[in-house]
Every structure is written in C-alpha cells, then in structure tokens.
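*Asks:* Encoded as structure tokens, here's the structure I'll be asking about.
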Amino acid sequence: MEDIFVLAEHRQGELRDITFEMLTKGKAMAEETGTSLAAVLLGHGVGKMAEQLKDKANRVILVEDPRLETYNSEAYERVLAELLEGENPRLLLIGHTAFGMDLAPSLATRIRVPIATDCIDVTIRDGEVRATRQVYGGKLNVEVRLKPAPQSVITIRPASFTVEEYSLTGEIVTVASPMEEEIVSKRFVEYVEAAAGEVDITQANILVSVGRGIKDQDNIPMVKELADALGAALSCSRPVVDKKWLPKERQVGTSGKTVKPKVYIAIGISGAFQHVAGMKGSGTIIAINKDPKAPIFSVAHYGIVGDLFKIVPALKEKVKEVFA
Amino acid sequence: MDIVVCVKRVPETAEADIVIDETGKDIDTRGLVFDINEWDNYAVEEAVLLKEKYGGSVTVVSMGPQESNETLRRALAMGADEAIRLTDPAFSGSDGYAIARILGEAIRPLAYDLILTGVQAEDDGYGQVGPTLAEMLGIGHAAVVNMIERIDGGRARIHRELEGGLEEVLDLELPAVLTIQSGINEPRYVSIMGIRRVAKKEIRVLGLADLALKEDETGEQGSKSVVERVFLPPAGEGAQMLEGSVESLAESVVSILKEKGGLA
Chain Z
2 MEDIFVLAEH RQGELRDITF EMLTKGKAMA EETGTSLAAV LLGHGVGKMA
52 EQLKDKANRV ILVEDPRLET YNSEAYERVL AELLEGENPR LLLIGHTAFG
102 MDLAPSLATR IRVPIATDCI DVTIRDGEVR ATRQVYGGKL NVEVRLKPAP
152 QSVITIRPAS FTVEEYSLTG EIVTVASPME EEIVSKRFVE YVEAAAGEVD
202 ITQANILVSV GRGIKDQDNI PMVKELADAL GAALSCSRPV VDKKWLPKER
252 QVGTSGKTVK PKVYIAIGIS GAFQHVAGMK GSGTIIAINK DPKAPIFSVA
302 HYGIVGDLFK IVPALKEKVK EVFA
Chain U
20 MDIVVCVKRV PETAEADIVI DETGKDIDTR GLVFDINEWD NYAVEEAVLL
70 KEKYGGSVTV VSMGPQESNE TLRRALAMGA DEAIRLTDPA FSGSDGYAIA
120 RILGEAIRPL AYDLILTGVQ AEDDGYGQVG PTLAEMLGIG HAAVVNMIER
170 IDGGRARIHR ELEGGLEEVL DLELPAVLTI QSGINEPRYV SIMGIRRVAK
220 KEIRVLGLAD LALKEDETGE QGSKSVVERV FLPPAGEGAQ MLEGSVESLA
270 ESVVSILKEK GGLA
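Those protein sequence lines, which keep their order, are chains Z and U. Numbering of the first sequence is given in our numbering, commencing with residue 2 and proceeding in unit increments. Numbering of the second sequence is given in our numbering, commencing with residue 20 and proceeding in unit increments.
Listed below in structure tokens is the structure:
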C-alpha cells in the first residue's frame, strides 16, 4: 500500500490544529498520487477523537493502550515502529511541534527511514519525496530531496497549510497495541500551566510588541512609554523573555500567548514563525525593523524600514500631541 | 555527573543581508559575524551549572572547521573542561542525520551521564540532531527542555516546554540526551580575558579515521536528505511600506491608528 499517513496530535483530550492542517495536505497528496489517506491515532480512551477524524481520512488507525494515555516517546516509538512495518505507508506526516520535535527524529532513526524536519511544503514527484524548509530564521527557503526509501517521515511546521472542509467516508480500524511491558525509562509526571501574570495581553485592543532589536533591557522603557501613550499593552517576542527583560506572560507566540488585537505594532521583531503564529490574526499589523528582508514584513500590513531608536521616540511624541 | 555538550558555530543572520553562494545550495558567509548557536549557549551554561551543583566534568564537542575552535574556547571559558573538534573533508554536506552519526561516534567512547544539545541550530534549523543522536547511542531523550529540576538515583526530573505556556514534567532515566530550550538559564558573560585564560587549553581534533566511520557514512553520501537548491521565499502579500522622514513616518502611523480603530 502506498498510503499517506498523518500522525494525529492531541493533548489533554483535544486534537490539535496541526492534525487537521496535515490531514488537509495529506488528502491533496493522496489525490495527486492516487493513494489513500490514513490518520493514525494513539492514545487511551480516545474513541471520541477517532470519530472526529473519521470523515477526514480514508482510514483512522486507532491504537489504544493505557500506556499511551499521555505522550511518551518510548511508547509512541515502539507502537509506531511496529505499525509502520506492518502498514508500510509511503509517507508519514508528523507536526513540527514540541510533540513532533521530540518524537519524529528518533522514530525515523529507529525505523531507518529518511526524515526532513520543519517543512513548510512537501510533494512526491517521480517517486521522490521533496520538501521545502526554511533556514536562517525564515530568510531563505531550501528545497531538499529525501534519498530513495520505501518510507519517509516529514515534520510539518504548524500553520503551513490552511484547514479545508471536506468529507471522506473513513472507517475506524482498531489495531491491538504491540506493547507488552511497562515503560520505565521515561515516565510522564504531570502538566504544569504557566502562572497567570498581572497583565492579560490577549485582552488588549492595541499591543506594542518589542523584540530582539531593542538590544538592551535599558531600552525597554522607551517602548513602554509609547505603549502608555497609546493606552496599549506591552508585549514581546521570545528573545526578550529569554533574556528576562520582560516576564513570560508578555510573550506572543507558540510557546507564549496567541493574540488578536485591533492593532499590533511589532518593534524590532524579525518574525520567526513561532512569533508570527501568535500574532498573525491581529487586525492591523505595523512592523518597524531595520532589515528590509525581515520575515515580519511579509505578514505585516504596514512596514517601516528604519532605526527603531529614532522612530519610536518620534512616534511617542506624535501620539502624545494628537491624542493628549 | 559527566556531561557532553554539542555546540555549533553559526553565522549571525538576523539583521544581516543574505546572499546565495555560487553553488546555489547555501549562503555566502563572507563578511558575516559568527558566534555560538544561541540554543547551544544555554546548553553549555546548563551543563556548567549542573557541574557546579553535582560535580563531574563537561566536555564540549563541535563539528566544523578550524574557526569552530572559537566556539569551543568560548565554552571552555564558561567552565567546560575538555573540548573536541570533529573535522574531515568527508563530513561536508552532512544533513542532521549524518551530523548526529558523526557526533555519536565521537561521544560513544566518552564517559557521560547526560548529553546536551541546543533545541535547534540558528542556521539550518533541523531540530533533529539531539533525538537522533540519542537513538543512535541507544539512550533516552527529551526535546525542548526548559528546566532540569533535579538529578538523583540515576534519573532526572525535567520540564519540557509545550505550546501555549504549558509544560510537561518527566522523570527520565540517565544517560539521556536533552535538547535545551533558550531561556532555561542566564548564560554567563564571557570576557576576552576569560577566553585568553583558556587559549592554551588543548582542543582534541578528530577526523574520519579516528571515529570508526566509513566515508560513505558521512557527508552527502551518509545523509538521508540532499539540499537541491536554496531560494528567497516568495514575497507574500507584503506590507505596504511607509517611507519618509521620521516625523512623517510618525504621522503616517498615527493616521493608521486612527483609521484602523486602534485609537479614537
């Protein structure tokens, strides 16, 4: 069988968006290559999710096992290695998320198949798997070709594909778990939620967001003054939190908060995809960056190429003058 | 606690102009400033912190040309004890899989309880080497680690960063590979004096022949993927670019704010 397989990603009882994004892409690929699409669902007590996936694939391959209740790479690898050997799909898609980054490379190594990670597109052409990846922080695209192999693994960057509505007459196929012994080398302990902070940036009408381009903690107050003048909340991209210049609760992005303000002003933010994923739903995006090729300009509505240390103070003065 | 840290010297491209080189498969790095891969810097710091807490040694390993010695010396100045550089013409063109194999063969004979890598590299961004390395060495792993809570009884209690501010706490048997997320600590400042102090420290250099690897197991031959070409991302819808003096830019932004409902 020359199937396209999509590994369903779920957490705390919910299928994650990336699953449906990959299924949309998988359906198109299956149509192009005249094959079929299967969703692979591993878990415990996940019958409801299998039903949700039913009309999104030709088959839902379901493996239930109490040891799969929470994600454990050891358990997942054992089950998937066995399953893939038996089913022999042409291609397995896994999300390039905290889940897929942990699982996919070691799985591919274990089953001795080629892998390309963090891909924004994938095709099968003349029997070869080709993928597009981004490098150098999104400034350049790379086309990679996987060496010929019966199977390949591709990890897909979240939000690379838009979920489409479609309906397939899928069937749920339950496969017995091949696991016999307990996994002792790795044990899930618990989930920890980030502590809620004093500011909820998801509720702000306007966000003034600052990134690595601010250079130094001492320059943060300059941006805060602009935010205050606008009655906006101050948010930031990951490097600012990593350097402990602002608390985690202010971080916009996949590992921080998803925001949808009316206006998002990105200051000195290059636009790594993890950040963009958290703010692209904003009504109007204005980006200020000194690099005209910064990826942020492809998602922004308005762009200013220039020195933020000159523009931000001038903007603050103008705002005070007009709105005071 | 013997810890091995894999580090990489990468060009800083966040604010630099990128030019595709004549092969069409990479960028022209002439004129670019290089530094330690940001995630690896956190990994080195974490290793040194663990050594300070639990004792033991830290060995840093890097695959790359002679210039990678800068990165290794930087790590030595931060507190690493030993440095190994892996270099051979046969290594060029290695993908994430082949890089992991080369690193793995260098690390295999060493004593280690823990191997740390950065979550990903700033240049190629594979995010693949750590978990692949673990599988090759037959040990466990955890990716995107943002806290090492404690280590005792041959096990580690660690936190993995998930999406949306959620973390997963795991209990993991050692030895294991952890890929370290940025922000896990505050990497110490490395002064020029500090680097000078370790200038005479030996950096072991190993090549293909030292690693019990065949030529076809490294480089492009030993890779599972091949770069066909690099190209500039197609311009999206793109932003409407505002131009003019600082004063007129400020005015434009204010009128956008009025129009788009950000402000009354």
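Glycine is no exception: its CB is placed at the ideal position from the N, C-alpha and C atoms. Nothing here was measured: the structure is a model prediction, and the numbers come from that model.
Which first and last residues belong to the beta strand (DSSP E) in which L92(Z) is found?
*Replies:* By one-based count along the first sequence, residue 92(Z) stands at place 91. First-last of the beta strand (DSSP E) with L92(Z): 92 to 96.
*Asks:* Taking C-alpha atoms, which residue in L8(Z), I173(Z), D127(Z) lies nearest to G101(Z)?
*Replies:* Here the question's residue 101(Z) lines up with position 100 in the first sequence. Considering only alpha carbons, the answer is L8(Z).
*Asks:* Alpha carbon to alpha carbon, what distance is there between P150(U) and I203(U)?
*Replies:* As a position in the second sequence, residue 203(U) is number 184, starting the count at 1. As a position in the second sequence, residue 150(U) is number 131, starting the count at 1. Computed Cα separation, rounded: 19 Å.
*Asks:* Could you tell me whether the Cβ atoms of T255(Z) and A278(Z) are closer together than 8 Å?
*Replies:* Here residue 255(Z) refers to the residue found at position 254 when the first sequence is read from its first residue. Here residue 278(Z) refers to the residue found at position 277 when the first sequence is read from its first residue. It is a contact, given that the beta carbons lie within the stated cut-off.
*Asks:* What does the Cβ neighbour count give for Q13(Z), buried or exposed, with the cut at 16 atoms within 10 Å?
*Replies:* Numbered from 1 along the first sequence, position 12 holds the residue referred to as residue 13(Z). Under this definition Q13(Z) is an exposed residue.
*Asks:* If you reduce the DSSP assignment to three classes, tell me which class N165(U) lands in.
*Replies:* Position 146 of the second sequence, counted from the start, is the residue given in the question as residue 165(U). It is a strand residue.
*Asks:* Which of the three DSSP states is assigned to G307(Z) in this structure?
*Replies:* Position 306 of the first sequence, counted from the first residue, corresponds to residue 307(Z). It is coil, neither helix nor strand.
*Asks:* Can you look up D21(U) in the DSSP assignment and give me helix, strand or coil?
*Replies:* Position 2 of the second sequence holds residue 21(U). D21(U): strand per DSSP, three-state reduction.
*Asks:* Are the beta-carbon atoms of L93(Z) and F6(Z) separated by less than 8 Å?
*Replies:* Here residue 93(Z) is taken as the residue at index 92 of the first sequence, counted from 1. Here residue 6(Z) is taken as the residue at index 5 of the first sequence, counted from 1. Closer than 8 Å, so yes.
*Asks:* Rounding to the nearest angstrom, what Cα-Cα distance links G44(Z) and S271(Z) in this structure?
*Replies:* One-based indexing of the first sequence puts residue 44(Z) at position 43. One-based indexing of the first sequence puts residue 271(Z) at position 270. The alpha-carbon atoms of G44(Z) and S271(Z) are separated by roughly 38 Å.
*Asks:* Hey, is N89(Z)'s beta-carbon within less than 8 Å of any beta-carbon in chain U?
*Replies:* On the first sequence, position 88 is the one that residue 89(Z) refers to. With 8 Å as the cut-off, N89(Z) does not count as an interface residue toward chain U.
*Asks:* Starting from I286(Z), trace the alpha helix (DSSP H) both ways and give me its first and last residue.
*Replies:* Counting from 1 along the first sequence, the entry for residue 286(Z) is found at position 285. Unbroken run through I286(Z) is the beta strand (DSSP E), 285 to 290; no alpha helix (DSSP H).
*Asks:* Under 7 Å, CB to CB, which of the residues in the stretch 244 to 258 of chain U have a partner in chain Z?
*Replies:* Those residues of the stretch 244 to 258 of chain U that come within reach of chain Z (Cβ to Cβ, closer than 7 Å) are S244, V245, V246, E247, R248, V249, F250, L251, P252, A254, G255, G257, A258.
*Asks:* By alpha-carbon positions, which one of E183(Z), E182(Z), K187(Z) ends up nearest to V188(U)?
*Replies:* Within the second sequence, residue 188(U) is the residue found at index 169, counting from 1. Out of E183(Z), E182(Z), K187(Z), K187(Z) has the C-alpha closest to the C-alpha of V188(U).
*Asks:* Sort F310(Z), A195(Z), E83(Z), V41(Z) by Cα distance to I173(Z) and report the nearest one.
*Replies:* Locating residue 173(Z) in the first sequence gives position 172, where the first residue counts as 1. Selected option, being the one with the closest Cα: V41(Z).
*Asks:* Taking 8 Å as the CB-CB cut-off, is D59(U) touching chain Z?
*Replies:* On the second sequence, residue 59(U) is found 40 positions in, with the first residue counted as 1. Chain Z contact via Cβ: absent.
*Asks:* Can you pull out the residues from the stretch 151 to 163 of chain U whose beta carbon lies closer than 8 Å to at least one beta carbon of chain A?
*Replies:* The structure shown contains no chain A; its protein chains are Z and U.
*Asks:* Given D122(Z), which residues of its chain have a CB within under 6 Å of its CB, disregarding the five upstream and five downstream residues?
*Replies:* Locating residue 122(Z) in the first sequence gives position 121, where the first residue counts as 1. Excluding positions up to five away in sequence, the list reads T133.
*Asks:* Quick check on P194(U): does DSSP put it in helix, strand or coil?
*Replies:* The residue you call residue 194(U) lines up with position 175 of the second sequence. Three-state DSSP puts P194(U) in coil, outside helix and strand.
*Asks:* Since V260(Z) is in the beta strand (DSSP E), which residue starts that stretch and which ends it?
*Replies:* Residue 260(Z) sits at position 259 when you count from the first residue of the first sequence. That residue, V260(Z), is in no beta strand (DSSP E); it is neither H nor E in DSSP.
*Asks:* Opposite G137(U) in the DSSP bridges: which residues?
*Replies:* Residue mapping note: residue 137(U) aligns to position 118 of the second sequence, counting from 1. Paired residue(s): I199(U).
*Asks:* From the beta carbon of Y208(U), is the nearest beta carbon of chain Z less than 8 Å away?
*Replies:* Indexing the second sequence from 1 puts residue 208(U) at position 189. Not closer than 8 Å to any Cβ of chain Z, the Cβ of Y208(U) fails to qualify, so no.
*Asks:* For S74(Z) and K219(U), I'd like the C-alpha separation in whole angstroms.
*Replies:* Here residue 74(Z) corresponds to residue number 73 of the first sequence, with the count starting at 1. Here residue 219(U) corresponds to residue number 200 of the second sequence, with the count starting at 1. When rounded, the distance between both Cα atoms is 42 Å.
*Asks:* For the beta strand (DSSP E) that contains L141(Z), what are its first and last residues?
*Replies:* Within the first sequence, residue 141(Z) is the residue found at index 140, counting from 1. Per DSSP, L141(Z) belongs to the beta strand (DSSP E) from 141 to 147.
*Asks:* Output needed for G46(Z): all residues of its chain with C-beta closer than 8 Å, excluding positions within five of it in sequence on either side, in chain order.
*Replies:* Counting from 1 along the first sequence, the entry for residue 46(Z) is found at position 45. Closer than 8 Å at the Cβ level, and outside the excluded window around G46(Z), lie E65, E70.
*Asks:* Which residue wins for smallest C-alpha separation from A231(U), given the options E205(U), P128(U), A162(U), K277(U)?
*Replies:* Along the second sequence, read from residue 1 onward, the residue named residue 231(U) stands at position 212. Ranking E205(U), P128(U), A162(U), K277(U) by Cα distance to A231(U) puts P128(U) first.
*Asks:* For G171(Z), which residues of its own chain have a beta-carbon under 8 Å away from its beta-carbon, when the five flanking residues on both sides are left out?
*Replies:* Translated into the one-based positions of the first sequence, residue 171(Z) becomes position 170. Counting only Cβ-Cβ distances below 8 Å, and skipping sequence neighbours, we find A40, L54, K55, D56, K57, A58, N59, R60, V61.
*Asks:* Quick one: does Y1(Z) have its CB under 8 Å from some CB of chain U?
*Replies:* With chain Z running from 2 to 325 in the structure shown, residue 1(Z) is simply not present.
*Asks:* Alpha carbon to alpha carbon, how far is H302(Z) from V246(U)? Give it in angstroms, no decimals.
*Replies:* Translated into the one-based positions of the second sequence, residue 246(U) becomes position 227. Translated into the one-based positions of the first sequence, residue 302(Z) becomes position 301. Each residue's alpha carbon lies about 33 Å from the other.
*Asks:* Counting only beta-carbon atoms, is G280(U) nearer than 8 Å to chain Z?
*Replies:* Indexing the second sequence from 1 puts residue 280(U) at position 261. Yes, its Cβ sits closer than 8 Å to a Cβ of chain Z.
*Asks:* Please specify which runs of the beta strand (DSSP E), each continuous and at least 3 residues long, are wholly inside the stretch 78 to 162 of chain U, giving them in chain order.
*Replies:* DSSP runs (the beta strand (DSSP E)) wholly in the stretch 78 to 162 of chain U: 101 to 105, 133 to 137.
*Asks:* Anything in the stretch 195 to 219 of chain U with a Cβ closer than 7 Å to a Cβ of chain Z? List those residues in chain order, please.
*Replies:* Within the stretch 195 to 219 of chain U, the qualifying residues are S201, G202, E205.
*Asks:* Determine which residues share a DSSP beta bridge with D219(Z) and list them.
*Replies:* Along the first sequence, read from residue 1 onward, the residue named residue 219(Z) stands at position 218. DSSP, once it has assigned bridges, lists no residue as partnering D219(Z).
*Asks:* Go ahead and pull the three-state DSSP assignment for G44(Z).
*Replies:* Start at 1 with the first residue of the first sequence, and residue 44(Z) comes out as number 43. Strand.
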